[in-house]
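Protein chains: 2
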Amino acid sequence: MIKLNRTTEYGLVAMKHMAKKPGGSATSAREVSDQFGFPFEITAKTLQRLKDTGLIQSLQGARGGYVLARSLDEITLGEFVEKMEGPVAVVNCASGKTESPGCEYSGRCEMTSVMTDLNRRVIQFLSGIRLSELANSEIPVALTRFEDFLGNQPESMKENEKAHLS
Amino acid sequence: MIKLNRTTEYGLVAMKHMAKKPGGSATSAREVSDQFGFPFEITAKTLQRLKDTGLIQSLQGARGGYVLARSLDEITLGEFVEKMEGPVAVVNCASGKTESPGCEYSGRCEMTSVMTDLNRRVIQFLSGIRLSELANSEIPVALTRFEDFLGNQPESMKENEKAHLS
DNA sequence: TTATATACGATAATAGATGTCGTACTTGAA
DNA sequence: TTCAAGTACGACATCTATTATCGTATATAA
Ligand code: FES
Ligand code: FES
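Order-wise, the sequence lines are chains A and B.
Read left to right, the first sequence gives residues 738 to 903 (the working numbering).
Read left to right, the second sequence gives residues 738 to 903 (the working numbering).
What follows is the structure, encoded as structure tokens:
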């Protein structure tokens, strides 16, 4: 399953919340937790991680909390995911682990370079999306069918897609 | 972690192997397993799944095995991933589970539509990659596709990305 | 008849994600 | 000075998905 962490989603929601908040006041973990119904402990941990990676700043003590360190327009989803979850490795074969230079099967199977390139393309894709796009846009829920998104494909492929996609 | 299943990688390797094989003879699970060092049981299960979803055809009995049902040029990575792993749900918030119409937090948090749109874009991205691209290239795929996802980025962001990627 | 293969399901083992708990430190305000 | 509200941090438990293994049945070419 190709899925982001739930904490990454929590983080996105929190970032959007902070961005929309009228200036001055800091946002506490409790506030985010109460507002959206997220588990408090996880929300706190998520915000700490955002602080550790420099995306937000913390203010300790009573009346403390967190404030954005950078504009959402300057942060890409690629950077955000990497800071929340670590290096993006969409395929095991291309995971840049320092211990092993490549894939465990790279001796007999020669797809590492292709897999690594695929990974790079995913990173490029994620880097083309700004957090501000996710925070500002109001998008109709209706567009959820696969068939709606095949516009840039050759005709032959459209038929194949239609055949199997629910 | 945003990662594909290992079986999906096994499947890709197997598909490439079958595509490159001189015509006529079928490819057995044992052959793929031996060739690349994959666990046999998993390889067999992977090929069965490919057969169940119609991407390859099976020939039972001695001298049996599998052959491609369609050209790799007609199959997109989006279709392949969906057939190997089920519906793509890159964020939990946008998972189209039949039980719950939306996200468990959708009552107070209003990001479902944005998350669903993000999911749509990921699917569209995967659907823009043909398996033949992954199978044919011994050297990394040309960067021409990258620009599709970079064109709308401000210059400042490109610098940020360069700083932290790979 | 035998060897080689797919077909199928149950289950164990592992890893990762998710959620919980306890405690210490910081600071503004009563 | 005290207290309450907050961050900071780490250890741990739980849940879930992935990954791997095992056993058995069936088909078919030689
Ligand atoms: S799967 Fe990594 S080299 Fe083939
Ligand atoms: S995370 Fe699903 S609605 Fe906010």
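Yeah, the Cβ is synthetic: ideal placement off N, Cα and C, and Gly gets one too.
All values derive from a computational prediction rather than experimental measurement.
Using a threshold of 8 Å, is the CB atom of residue i nearer than that to any non-hydrogen atom of ligand 1?
{"i": "residue 768/B", "result": "no"}
{"i": "residue 841/A", "result": "yes"}
{"i": "residue 811/A", "result": "no"}
{"i": "residue 783/B", "result": "no"}
{"i": "residue 849/A", "result": "yes"}
{"i": "residue 746/B", "result": "yes"}
{"i": "residue 755/B", "result": "no"}
{"i": "residue 830/B", "result": "no"}
{"i": "residue 846/B", "result": "no"}
Between residue i and residue j, how many whole angstroms is the CB-CB distance? I'm expecting something under 8 Å.
{"i": "residue 763/A", "j": "residue 798/A", "result": "Actually they are not in contact, since the Cβ atoms of residue 763/A and residue 798/A sit about 10 Å apart, beyond 8 Å."}
{"i": "residue 818/B", "j": "residue 863/B", "result": "6 Å"}
{"i": "residue 739/B", "j": "residue 827/A", "result": "6 Å"}
{"i": "residue 812/B", "j": "residue 792/B", "result": "7 Å"}
{"i": "residue 821/B", "j": "residue 786/B", "result": "6 Å"}
{"i": "residue 809/A", "j": "residue 872/A", "result": "5 Å"}
{"i": "residue 744/A", "j": "residue 779/A", "result": "6 Å"}
{"i": "residue 774/B", "j": "residue 845/A", "result": "5 Å"}
Tell me whether residue i sits in a helix, a strand or coil according to DSSP, three-state version.
{"i": "residue 866/A", "result": "coil"}
{"i": "residue 773/B", "result": "helix"}
{"i": "residue 758/A", "result": "coil"}
{"i": "residue 881/A", "result": "Bear in mind that the predicted position of residue 881/A carries a pLDDT of just 36, short of 50, making it too unreliable to give a figure here."}
In the DSSP output, which residue or residues are listed as bridge partners for residue i?
{"i": "residue 739/B", "result": "739/A"}
{"i": "residue 764/A", "result": "803/A"}
Comparing the CB of residue i with every heavy atom of ligand 2, is any distance shorter than 8 Å?
{"i": "residue 752/A", "result": "no"}
{"i": "residue 780/A", "result": "no"}
{"i": "residue 852/A", "result": "no"}
Closer than 8 Å: is that where the CB of residue i sits relative to any heavy atom of ligand 3?
{"i": "residue 773/B", "result": "In the structure shown, ligand 3 is absent; the only ligands present are ligand 1 and ligand 2."}
Problem set entry | Segments of 4+ residues assigned as alpha helix (DSSP H) that fall wholly inside the region 786-861 of chain A | Along the length of the region 786-861 of chain A, whole alpha helix (DSSP H) runs at least 4 residues long occupy 814-822, reported in chain order.
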